[in-house]
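A.B. asks:
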Amino acid sequence: MRLVLEDALLYQDGRLVRGHLVIEGGRIAAVEREGDPPAPGVGPRSAPSGGPDGGNRSAPGDGAMNAADDVGGPAHPPAERRSLAGRIVLPGLVNAHTHTPMSLLRGLGEGLPLKRWLEEAMWPNEAAFTDEDVYWGTLLAQLEMIESGTTAFAEMYDRIDVIAQAVGESGLRAVLARGMIGLGDEATRRAKLAEAIDVARRWHGAYGGRVTTMIAPHSAYTCPEPFLREVAEAARDLGRPIHTHLAETEAEEAEVRARTGRSSARVMLEAGLFDGPALVAHAVYLSDDELRLLAERDVRIAHNPVSNLKLGSGIAPLARWLELGLVVGLGTDGPASNNNLDLFDEMRLASLLAKGREKDAAAVPPAAALELATAGGAKALFLEDVGRLAPGMRADLIVIDPSSVRYVPAHDLLSHLVYNGRGTDVESVMVDGRWLMWRRTVLTLDAERIRYEAERRSRRFRAGGAAGGPAKGPAGGAA
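If you read the sequence shown in this note's numbering, its first letter stands for residue 234, the second for the next number, and so on.
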């Protein structure tokens, strides 16, 4: 059956236009702007509500399912209609870099810089994680992402089998990678790489294509160069992209230079990590020459403005990245270093920090910031058929209720979305044509059970490490 979402403000080509979406078979079958003829098999539409494009303040429709219209003959199935009058429809938001199980550690290690935060607050606790902790922590993060409008995310962590199970239940789209911290002995590194290769093969294309995979060495400062070369070779053999951390802090860059005589970017480049498709998170401390090298090799960047600020890492040169033509998406980083998974926060800060860094009020305008969170994120994750509201694309979308006083007056709703918007404005969420949330009720997950299990399990963890056991070393992907 076709689903027709009627009379919404649709994000199209950097602006909001009134129109209708036709969805069939998990994809967008048609995008009809007001005044266009209806798509075949849909039949006549209900009259649109009043108000100019971008400024509709009419009462929102109740979202009720209307009776199917059996029109168009046997070539076209009946169409179910849902009115979205007064609502805004955006492509689903894409979180280009996160570590979802770390939701259980949210609020620990406050005020610590990255190295101490990892070594004192994160790694000791992660070493005590059980499979059940990872499962419930992942579900907690996915619940938060659904409630704030994220439809796809890039995960770097260990226990990918457990995380993938949670993805199957939530209905979200995910790009999964077994994070590999290369500390320890050679046998440990080889075991991690073998596991990373195995899960990348087994889970790629799972759940009807909602899951894809990458290969994820943690960073140049936690992985010796011979190991990075092995990882690069494995990624080439598999045909899977690299996902790694790069130049997040000045301290890590100094550490890598002291050990190798080169920057992290040069180490990774010479190891072959950028010979194929690659995604790097952070990239705060790169020279202009290094940025040009990344652009020449089409290396994509996950920009994490909130995490970079919270850990005192720095402010990345977003405007310069875009000037050089780099593909950039937005990431939250892990929920323990943010401390939320709300991409509306990332959009707002990405734009504002760029303006402040460049001393240019025109830098990264609202439409550009929204692109980073949608089409940019999809490109960064090598997802070719999400990130835009266009025929043939996957039906990954979110519905925004702009009835809050933060959207009044409606001079520029696109600006309001980026600078005033919040995840709580998201009313409904769809992935592959399936509603994951409708009118603020999550349909795929037991929200109360997740909250209960997460709170109960989190009591074992503390800033100095988990109660009841010594630290065993780092897990797979933090920060």
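By construction, the Cβ of each residue, glycine as well, lies at the ideal position given by its N, Cα and C atoms. A quick note: this is a predicted structure, and the numbers were derived from the prediction, not measured.
(1) Is it buried or exposed, residue 658, if we count other Cβ atoms within 10 angstroms and call 16 or more buried?
(2) With distances taken from CA atoms, which of 537, 498, 665 is nearest residue 581?
(3) Cutting at 6 Å between CB atoms, please list the residues of its own chain near residue 432, excluding the five before and the five after it.
(4) May I have the straight-line CA-CA distance separating residue 397 from residue 344, to the nearest angstrom?
(5) Need the endpoints of the alpha helix (DSSP H) that residue 460 sits in, please.
(6) For the alpha helix (DSSP H) holding residue 636, just list the boundary residues, first then last.
(7) Going by DSSP, what residue range makes up the beta strand (DSSP E) through residue 252?
(8) Whole angstroms is fine: what's the gap from residue 236's alpha carbon to residue 255's?
(9) Starting from the Cα of residue 383, find the closest Cα among 526, 688, 670, 693 and give me that residue.
(10) By the three-class DSSP mapping on this structure, what secondary structure does residue 235 have?
(11) Go through the segment 427 to 462 residue by residue and report every complete run of the alpha helix (DSSP H) that reaches 4 residues or more, in order.
(12) Please confirm whether residue 646 and residue 317 have their CB atoms less than 8 Å apart.
(13) In angstroms with no decimal places, state the Cα-to-Cα distance between residue 587 and residue 479.
(14) Could you compute how far the alpha carbon of residue 567 sits from the alpha carbon of residue 356?
(15) In whole angstroms, what separates the C-alpha of residue 640 from that of residue 265?
(16) With a threshold of 8 Å between beta carbons, is residue 439 in contact with chain C?
(17) Looking only at DSSP bridge pairs, what is residue 512 linked to?
(18) In whole angstroms, give me the CA-to-CA distance for residue 360 and residue 583.
(19) Measure the Cβ-Cβ separation of residue 261 and residue 610 and say whether it is below 8 Å.
(20) Going by DSSP in three states, residue 388 sits in which element: helix, strand or coil?
(21) Can you give me the start and stop residues for the beta strand (DSSP E) that residue 321 sits inside?
(22) Are the CB atoms of residue 331 and residue 375 nearer to each other than 8 Å?
(23) Please look up how many angstroms separate the CB atoms of residue 535 and residue 514, rounded, as I've assumed it's under 8 Å.
(24) Could you tell me whether the segment 481 to 493 touches the segment 453 to 461, where touching means 3 or more Cβ pairs closer than 8 Å?
(25) Is it right to say residue 450 is buried, meaning 16 or more other beta carbons lie within 10 angstroms of its own, or is it exposed?
(26) Is the separation between the beta-carbon of residue 367 and that of residue 413 shorter than 8 Å?
(27) What does the alpha-carbon distance come out to for the pair residue 591 and residue 324?
(28) Going straight from the alpha carbon of residue 409 to that of residue 668, what length do you get?
(29) Who does residue 561 pair with in a DSSP beta bridge?
(30) Quick one: what does DSSP say residue 610 is sitting in, helix, strand or coil?
(31) Starting from residue 313, follow its DSSP beta bridges and name the residues at the other end.
(32) Going by C-alpha distance, which of 321, 468, 655, 608 is nearest residue 239?
(33) Quick check on this structure: which residue in 613, 404, 462 has the alpha carbon closest to the alpha carbon of residue 664?
(34) Taking residue 576 as part of the alpha helix (DSSP H), name the residues at either end of that continuous run.
(35) May I ask which residues mark the beginning and end of the beta strand (DSSP E) holding residue 659?
(36) To the nearest angstrom, how far is it from the Cα of residue 718 to the Cα of residue 504?
C.D. replies: Taking the geometry as given:
(1) Classified as buried, residue 658 has 16 or more neighbouring CB atoms from the shown chains inside 10 Å of its CB.
(2) Ranking 537, 498, 665 by CA distance to the CA of residue 581 puts 537 first.
(3) Beyond the five residues adjoining it in sequence on each side, residue 432 comes within less than 6 Å, by CB distance, of 393, 411 in the same chain, given in chain order.
(4) When the Cα atoms are used, residue 397 and residue 344 turn out to be separated by approximately 32 Å.
(5) Boundaries of the alpha helix (DSSP H) harbouring residue 460: 458 to 471, taken from the DSSP string.
(6) Taken as a continuous stretch (DSSP letters only), residue 636 belongs to no alpha helix (DSSP H), as it is neither H nor E.
(7) Here the beta strand (DSSP E) through residue 252 covers 248 to 257.
(8) 6 Å
(9) 670
(10) strand
(11) 439 to 442
(12) no
(13) Residue 587 and residue 479 have their C-alpha atoms roughly 20 Å apart.
(14) 13 Å
(15) Answer to the nearest angstrom: the Cα atoms are 25 Å apart.
(16) This model lacks chain C altogether, as it is built from one protein chain only.
(17) For residue 512, which the question treats as bridged, DSSP gives the partners 476, 533.
(18) 33 Å
(19) no
(20) strand
(21) 321 to 324
(22) no
(23) 4 Å
(24) Under the three-pair Cβ rule at 8 Å, the segment 481 to 493 counts as touching the segment 453 to 461.
(25) Buried is the call here.
(26) Cβ distance not < 8 Å, so residue 367 and residue 413 don't count as in contact.
(27) 29 Å
(28) Roughly 22 Å separates the two Cα atoms.
(29) Answer is 534.
(30) helix
(31) 236
(32) 321
(33) Nearest option by C-alpha distance: 404.
(34) 576 to 591
(35) 659 to 664
(36) In the structure as shown, the chain starts at 234 and stops at 712, and residue 718 therefore has no counterpart that could be examined.
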